[in-house]
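Worksheet for the structure shown next.
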Amino acid sequence: GQQVMQIPQYQHVQEGEDFTTYCNSSTTLSNIQWYKQRPGGHPVFLIQLVKSGEVKKQKRLTFQFGEAKKNSSLHITATQTTDVGTYFCAGAPAGNNRKLIWGLGTSLAVNP
Amino acid sequence: DVKVTQSSRYLVKRTGEKVFLECVQDMDHENMFWYRQDPGLGLRLIYFSYDVKMKEKGDIPEGYSVSREKKERFSLILESASTNQTSMYLCASSLIGSYYEQYFGPGTRLTVT
Chain A
1 GQQVMQIPQY QHVQEGEDFT TYCNSSTTLS NIQWYKQRPG GHPVFLIQLV
51 KSGEVKKQKR LTFQFGEAKK NSSLHITATQ TTDVGTYFCA GAPAGNNRKL
101 IWGLGTSLAV NP
Chain B
113 DVKVTQSSRY LVKRTGEKVF LECVQDMDHE NMFWYRQDPG LGLRLIYFSY
163 DVKMKEKGDI PEGYSVSREK KERFSLILES ASTNQTSMYL CASSLIGSYY
213 EQYFGPGTRL TVT
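The listed protein sequences correspond, in order, to chains A and B.
The first sequence begins at 1 in the numbering used here and counts up by one.
The second sequence begins at 113 in the numbering used here and counts up by one.
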């Protein structure tokens, strides 16, 4: 079936280091969303990417959508302890209205 | 800010009991969702509603039903709770034109013994 693979599953970094998580879809996507879930919290919407090759930035976070619209990445520059949490991607398969396929998330731990 | 509230943060029920989980949103969102979140399985959609009294099955609707009598309220019902329904249940809502920008409630951790 359709799935979105997210890697790595876990990442442990020193504060100040960069971090990247990747999502790869088995099918072409019409858009992809990124969410963050803090430990003990609930998912919080970060951003939506729609266009092929799109790059969006939010302060130290850079989101990319691949040219083929089958992969995406989230890069955090100079991590801080406030970045701790699990980052999920959720892709909408092209031609399948209102369907969302969630990745299993990448858990980020940051050592101060 | 959108606020999505859920009736309980923690709930313990016995096998066979009927369980009601309530969700209320205060931003006049048309879409409402129920997910369950389990380690290693991620978020899985149980049911979705796009309007009052309207519902669609998600990926794992078996053993669950829903009710949406008012726009702001979406209830998840476990007709006869089973131990494999022990999970974190998350409610979410979104605007009709922004289906994918979902706002989540704090979650209900349900334990069925």
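Built from N, CA and C at the ideal position, the CB exists for glycine as well.
Problem - Which of helix, strand or coil DSSP assigns to Asn31(A) - result: strand
Handout entry: Reduced DSSP category for Thr21(A) - H, G, I as helix; E, B as strand; rest coil
Key = In the structure shown, the three-state DSSP call for Thr21(A) is strand.
Practice task
Identify whether Thr117(B) lies in helix, strand or coil by the three-state DSSP scheme.
Solution key: strand
Practice task
Would you kindly work out how many angstroms separate the C-alpha atoms of Pro218(B) and Arg185(B), rounded to a whole number?
Solution key: 15 Å
Practice task
Give a yes or no on contact between the stretch 114-133 of chain B and the stretch 208-224 of chain B, applying the rule of three or more CB pairs nearer than 8 Å.
Solution key: With contact defined as three or more Cβ pairs closer than 8 Å, the stretch 114-133 of chain B and the stretch 208-224 of chain B are in contact.
Handout entry: Gln214(B), DSSP secondary structure in three states
Key = coil
Problem - Per-residue burial, Ile32(A) [other beta carbons within 10 Å of its own, 16 or more giving buried] - result: buried
Exercise for the section: Counting only the same chain and skipping the five closest in sequence on each side, list residues whose C-beta sits under 7 Å from that of Leu29(A). Expected result: The answer, listed in chain order, is Lys69, Lys70, Gly91, Ala92, Pro93, Ala94.
Problem - Inter-residue spacing [alpha-carbon to alpha-carbon] between Tyr87(A) and Arg121(B) - result: Roughly 22 Å separates the two Cα atoms.
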